[in-house]
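S.K.:
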Amino acid sequence: MSPTRRSLLTAFLSLPLIDAANMSAFAQAAPELPLTQACDDGDGLTLEREAGPFFKPNTPLNRDLYPGSPDGERITVAGFVFDRRCHPLPGSLIEIWHADENGEYDREGFRLRGHQFTDVQGRWWFNTVVPALYPGRTRHFHFKVQRPGGSVLTTQLYFPGEPGNAGDRIFHESLLLDMKETGDGLFGQFDFVV
Ligand SMILES: [Fe+2]
Numbered sequence: 002m003s004p005t006r007r008s009l010l011t012a013f014l015s016l017p018l019i020d021a022a023n024m025s026a027f028a029q030a031a032p033e034l035p036l037t038q039a040c041d042d043g044d045g046l047t048l049e050r051e052a053g054p055f056f057k058p059n060t061p062l063n064r065d066l067y068p069g070s071p072d073g074e075r076i077t078v079a080g081f082v083f084d085r086r087c088h089p090l091p092g093s094l095i096e097i098w099h100a101d102e103n104g105e106y107d108r109e110g111f112r113l114r115g116h117q118f119t120d121v122q123g124r125w126w127f128n129t130v131v132p133a134l135y136p137g138r139t140r141h142f143h144f145k146v147q148r149p150g151g152s153v154l155t156t157q158l159y160f161p162g163e164p165g166n167a168g169d170r171i172f173h174e175s176l177l178l179d180m181k182e183t184g185d186g187l188f189g190q191f192d193f194v195v
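With the working numbering as the guide, the letters of the sequence shown map in order to residues 2 to 195.
#1: State the CB to CB distance for the pair Gln147 and Leu94, rounded to an integer number of angstroms; the pair is presumed to be in contact (CB under 8 Å).
#2: Would you check if the region 116 to 133 and the region 162 to 175 touch, i.e. whether three or more CB-CB distances between them fall below 8 Å?
#3: Report the partner residues of Met180 according to the DSSP bridge assignment.
#4: Give me the Cα-Cα distance between Asp192 and Arg140, rounded to the nearest whole angstrom.
#5: Which one or two residues does DSSP pair with Val146 in a beta bridge?
#6: Where does Gln118 fall in DSSP's three states?
#7: Rounded to a whole number of angstroms, what is the C-alpha to C-alpha distance between Arg179 and Pro54?
#8: What would DSSP say about Thr129, mapped onto helix, strand or coil?
#9: Would the beta-carbon of Gly53 be found less than 7 Å away from any heavy atom of ligand 1?
#10: Where Trp125 and Thr47 are concerned, what is the direct C-alpha to C-alpha distance, given to the nearest angstrom?
#11: In chain order, what residues of the same chain have a beta carbon less than 6 Å from the beta carbon of Leu14, not counting five sequence neighbours either side?
#12: For ligand 1, is there a heavy atom less than 7 Å away from the beta-carbon of Ala133?
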């Protein structure tokens, strides 16, 4: 039986408490969810990317965005926020905004826009839909990430295997989601290092 988005999220959320800077427990508990970045080499900060023209402040506290696009392909995106020494950062702000299944951003309201704070283990997740392509860009999510008391990282995450990645002027392979297909949609993981 293939996994579902929920089963992968449950596996992600049921990992043992992380021994700070020691990711071996994580790797043993969930070998199918490897870390997507090295954060302990002193050079692993997540790259910044431009916000683009569609950012709106004051989004709602909401991690379940899919009701705003009921016809979209479901995806759960999840991960940690770490510092560069691999210490998880609880209470970090994570904000997402992205295009809908037709490649449109909601400029009037807050459909497919929301924020949350990482839990005590530095984890975040959103249940949303796969953004469609729009002219001039490869497929992407927009994010802002802010550790408590820190500055705001603005960036974008990308989809592996996307034909438009190679020709996109903003794309960077270090910002690829670690993607898995499940029985009811996609599950993508990315760990921010700020
Ligand atoms: Fe965009």
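Glycine is no exception: its CB is placed at the ideal position from the N, C-alpha and C atoms.
M.R.: Looking at the atomic coordinates:
#1: 4 Å
#2: no
#3: Gly189
#4: 19 Å
#5: Ile95, Leu154
#6: The sequence shown places Phe at residue 118, rather than the Gln named in the question. Correct three-state label for Phe118: strand.
#7: Note that residue 179 is Asp in the sequence shown here, rather than Arg. Each residue's alpha carbon lies about 26 Å from the other.
#8: strand
#9: yes
#10: 16 Å
#11: none
#12: no
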